[in-house]
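Chains A and B, in that order, are what the protein sequence lines are.
UniProt numbering applies: residue 1 is where the first sequence begins, and numbers increase by one.
UniProt numbering applies: residue 1 is where the second sequence begins, and numbers increase by one.
C-beta: ideal position from N, C-alpha, C; glycine also.
Accompanying notes for the structure given below.
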Amino acid sequence: MSLTRLGNLCAHLQNVTRVNLATTAIPYSRMHLEVASHLYKQGFITSVQKGSLNGPDLKPVDVTPDNIASRRLWLGLKYRGTDSVIRKVSLISKPSRRIILDHDQLKLLAAGKSVREIKPLQPSELVLVKVDTTKRNFSYEILDLAEAIERGGSGEVLCRIK
Amino acid sequence: MVKGPAKYGGKSGTLPVVRQIFKKPIKPVERIPDKNSGYAPNVKEPRNSSREQKLPEFMTIKDRINKTVQLPKNQPTNINARTPEQKLKQEKAQLRRQYFIHSMNTEENRLKQEKLDEEKRIAFEKAQEEKYMVKPSPLAELTLPTLSSYLDGPLMRQRTKEETRLLKTKRNANRLNLEFETKLNRSSDLLQLYYSAENFITKESDLLKAVEEAFAPGNEVIPASNPEYIGNHYAEDVGDALFGTIDNHPGLGHVEGQLNGDNKKFKQEVAARANELLNQHKEVDA
């Protein structure tokens, strides 16, 4: 998983919410889809749609090696009045400094304590953690902090969404 | 702070393990066959052993009672002739038999009830779990793909064998086409070089002649860098493109036709057709 691409996604989401766009497109990959699903579950966005560069698909389209380059995920952005629901999206682990926390440290972070200079989890804040997966054929899985603690074991703290 | 058994209200800290009343099974034991244990079909079991593991012996409660509470074989014939001690002893033995039978039956019933209670408890827990479990509607399950279903499977469908074969064929055709066009361009360039070679200076006399012509009055060399003096060759280029010629010389197609005899064949066909038309006209006039 590329932290650079995740960083690009964070910057992109901040940019589009600051200019009040209704929808935005992000690349179609497993990492992007996992992050988008967490944003949707936590209520940061209104919708996740499959689509191409031209817009969301009106009919189901098969994803093949021929059209994968033009495939996109379309996210419906959420606003309360004129304010965006997403205020800040930032990386915690950086490509130059990856932060992997063990189970106890993750619990401390969730309990509202500062761990390794990571500021504690605030109410209505989402922290995504990369953990080893039990699913076949995949090497990792992105979970939110509570799920990662429930799963047990250590995890790389990826980003936080306010 | 008290010490010792007083800590536990006068009881010892560790209670003894509850003793099982029935040490042997009271009904036939069912063993679930396990495919990971036992002997393989082609392996013979050791001598004096059985292929299948023996099941433990069992004794039903009824058998056990019958076996235990049997009356002694040597019973005195005259009961009235017994002493009071003998009578008391006999009554006590009778009581023991009754208590034994009662306790056996009670324990059996208790075990049965325990098993029933356990089954009930499991069924109740399962029902409670199902009650509070949020089940997706079967309609949504059959029609709408969920985000998690996308994440569980591969995001992209790989090409089928047929698609792979088609793509390979297409790529091969593109490569061949490119090679053909390259060869065509090179042949055309070669032909152009051949035509240009007519004006090449190859002899000393030609060189002298060219120098004299260049320095003759009125033939001053116009600097090519001045765009005003650069002559356009659009007319020649258009002519070449239209008629397939190269600098008003026969083009590649014409040369090729000449070499493989197509031009000759075409001319013959045209002549034959013209003759045919002429003959038709003559017949009409006649």
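Would you verify that the beta carbon of M133 (chain B) is, or is not, closer than 8 Å to some beta carbon of chain A?
Chain A contact via Cβ: absent.
So, is the C-beta of V63 (chain A) closer than 8 Å to a C-beta in chain B?
Judged by the 8 Å Cβ criterion, V63 (chain A) is in contact with chain B.
Are the CB atoms of I45 (chain A) and L53 (chain A) nearer to each other than 8 Å?
No; because the gap between Cβ atoms is not below 8 Å, this pair is not in contact.
With a threshold of 8 Å between beta carbons, is E34 (chain A) in contact with chain B?
Answer yes: the Cβ-Cβ gap between E34 (chain A) and chain B drops below 8 Å somewhere.
I'd like the list of long-range same chain contacts for Q93 (chain A), defined as Cβ closer than 7 Å, with 5 residues on each side in sequence excluded.
A small correction: the amino acid at residue 93 (chain A) is Ser; Gln does not occupy that position in the sequence shown. Excluding residues within five positions, the ones whose Cβ falls inside 7 Å are L3, I99, E156, V157, L158.
In the structure shown, what three-state DSSP assignment does Q20 (chain B) receive?
Correct three-state label for Q20 (chain B): coil.
What does L151 (chain B) reach in chain A if we use C-beta pairs closer than 9 Å?
Near L151 (chain B) (Cβ distances below 9 Å), the residues of chain A are R30, L33, E34, S37, K135, F138, E141.
For R157 (chain B), which residues in chain A fall below 7 Å Cβ to Cβ?
Residues of chain A passing the Cβ test: D62, V63, T64.
Following the continuous alpha helix (DSSP H) through E213 (chain B), name the residue where it begins and the one where it ends.
Counting along the chain, the alpha helix (DSSP H) containing E213 (chain B) begins and ends at 204–215.
From the DSSP output, in three-state form, read off Y39 (chain B) for me.
Y39 (chain B) falls in the coil class under three-state DSSP.
Compare the C-beta of I68 (chain A) with all C-beta atoms of chain B and state if any pair is closer than 8 Å.
Output row for I68 (chain A): interface = yes.
Please list the terminal residues of the continuous beta strand (DSSP E) segment that includes A148 (chain A).
That residue, A148 (chain A), is in no beta strand (DSSP E); its alpha helix (DSSP H) goes 145–151.
Does DSSP put S2 (chain A) in a helix, a strand or coil?
Three-state result, S2 (chain A): coil.
Quick one: list the residues of chain A neighbouring L166 (chain B), beta-carbon separation under 7 Å, in chain order.
Per Cβ cutoff of 7 Å: no residues; L166 (chain B) is ~11 Å from chain A at best.
With respect to the beta strand (DSSP E) encompassing V129 (chain A), which residues constitute its N-terminal and C-terminal limits?
Where V129 (chain A) is concerned, the enclosing beta strand (DSSP E) stretches over 126–132.
Do the region 24–34 of chain B and the region 55–62 of chain B meet, that is, are 3 or more Cβ pairs less than 8 Å apart?
Short answer: they touch.
Express the C-alpha separation of E147 (chain A) and S148 (chain B) in angstroms, rounding to a whole number.
Cα to Cα, S148 (chain B) sits roughly 15 Å from E147 (chain A).
Residues of the region 38–58 of chain A with a CB closer than 9 Å to any CB of chain B: list them in chain order, please.
Within the region 38–58 of chain A, the qualifying residues are Y40, K41, V48, K50.
With 16 other CB atoms within 10 Å as the buried threshold, where does K130 (chain A) fall?
Its Cβ being crowded by 16 or more others within 10 Å, K130 (chain A) is buried.
So the alpha helix (DSSP H) T83 (chain B) belongs to, where does it begin and stop?
Note, T83 (chain B): premise wrong, no alpha helix (DSSP H); not H, not E.
Enumerate in chain order the residues of its own chain whose CB-to-CB distance from K162 (chain A) is below 6 Å, with the five nearest sequence positions on each side excluded.
Answer for K162 (chain A): R87, K88, E125, listed in chain order.
Quick check on this structure: which residue in A:T17, A:S47, A:P60 has the alpha carbon closest to the alpha carbon of G76 (chain A)?
Nearest C-alpha to G76 (chain A): A:S47.
Going by other Cβ atoms of all chains shown within 10 Å of its Cβ, with 16 needed for buried, is I149 (chain A) buried or exposed?
Buried, since its Cβ has 16 or more Cβ neighbours within 10 Å.
Using 8 Å as the Cβ pair cut-off and three pairs as the minimum, do the region 246–262 of chain B and the region 188–206 of chain B touch?
Verdict: yes, contact present.
With a threshold of 7 Å on Cβ separation, who are the neighbours of M1 (chain A) within its own chain once the five nearest residues in sequence on each side are excluded?
Closer than 7 Å at the Cβ level, and outside the excluded window around M1 (chain A), lie M31, K130, Y140.
In the DSSP assignment, find the unbroken alpha helix (DSSP H) run with G253 (chain B) in it and report its ends.
From DSSP, the alpha helix (DSSP H) with G253 (chain B) extends over 252–260.
Where does D62 (chain A) sit, in a helix, a strand or coil, going by DSSP?
It is coil, neither helix nor strand.
Any idea if V115 (chain A) is buried or exposed, counting beta-carbon neighbours within 10 angstroms, 16 or more meaning buried?
When all chains shown are included, V115 (chain A) counts as buried.
Where does L55 (chain B) fall in DSSP's three states?
It is coil, neither helix nor strand.
So, does the CB of L277 (chain B) fall closer than 8 Å to a CB anywhere in chain A?
Answer no: the Cβ-Cβ gap between L277 (chain B) and chain A never drops below 8 Å.
Check distances from the C-beta atoms of the region 172–184 of chain B to those of chain A and list, in chain order, the residues that come in under 9 Å.
If the cut-off is 9 Å between Cβ atoms, the region 172–184 of chain B has nothing near chain A.
Beta-carbon of L242 (chain B) versus every beta-carbon of chain A: anything under 8 Å?
Judged by the 8 Å Cβ criterion, L242 (chain B) is not in contact with chain A.
Would you mind listing the beta strand (DSSP E) stretches within the region 77–101 of chain A that are 3+ residues and don't spill past its ends, in chain order?
Runs found: 89–91.
Please determine if the region 154–164 of chain B and the region 55–70 of chain A are in contact, where contact requires at least 3 C-beta pairs separated by less than 8 Å.
These segments touch.
Is the shortest distance between the beta-carbon of L139 (chain B) and the beta-carbons of chain A less than 8 Å?
Not closer than 8 Å to any Cβ of chain A, the Cβ of L139 (chain B) fails to qualify, so no.
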